[in-house]
Amino acid sequence: MSQEKDVKETNSDAIVEEVILEPMNEGGAGDKLKSDPLDLVKNVKVTLDVYLGDANLTVAELTALTSESVVKMNKQLNDPIELLLDGKVVARGKLVAVDDVFGIQITETSR
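For the sequence shown, position 91 (counting from the first letter as 1) is numbered 1550 according to our numbering, and the numbering increases by one without interruption.
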């Protein structure tokens, strides 16, 4: 399948060999790994981020923050909350309470 060519010795004890690979045929006669390509990744866990908005402060305003300070965000109360995967919006929704934790009720998805 492969042929060795030009064996070279380096300064260390390792031997470096050039390997020439023979071309493979595209599309083999074997069976597919899975019928649905998503079957390969369905159980992979991902981390989603929630974007509530942002705020612009001067350094003086930032250093003046205390435990009672309130920072005003750039989003309105009724604006949808964005759900992000790897920095890209995958859904939008409303902020809700689920038992005693935050949740998002999805109102639209990005496809």
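The beta carbon of each residue, even a glycine, is placed where N, CA and C say it ideally should be.
Separation of residue j from residue i, as counted between CA atoms
{"i": "ASP1558", "j": "VAL1548", "result": "26 Å"}
{"i": "LEU1542", "j": "ILE1479", "result": "47 Å"}
{"i": "LYS1553", "j": "LEU1536", "result": "10 Å"}
{"i": "ASP1545", "j": "ASP1508", "result": "8 Å"}
{"i": "SER1494", "j": "ILE1565", "result": "30 Å"}
{"i": "VAL1529", "j": "ASN1515", "result": "13 Å"}
Proximity of residue i and residue j at Cβ, strictly below 9 Å
{"i": "ALA1556", "j": "SER1569", "result": "no"}
Spatially closest choice to residue i from the options, by CA coordinates
{"i": "ASN1533", "options": "LEU1511, GLU1520 and LEU1554", "result": "LEU1511"}
{"i": "PRO1539", "options": "PRO1496, LEU1499, ILE1563 and LEU1497", "result": "ILE1563"}
In DSSP terms, what residue i is bridged to
{"i": "LYS1534", "result": "Paired residues: none, contrary to the question."}
{"i": "ARG1551", "result": "GLU1541 and GLU1567"}
{"i": "GLY1562", "result": "VAL1555"}
{"i": "GLU1481", "result": "DSSP lists no partner for GLU1481."}
**Request:** Report the residue ranges of all beta strand (DSSP E) runs contained in full by the region 1485-1530; include only those spanning at least 3 residues, in chain order.
**Result:** Inside the region 1485-1530, DSSP marks whole beta strand (DSSP E) runs of 3 or more residues at positions 1507-1510, from first to last along the chain.
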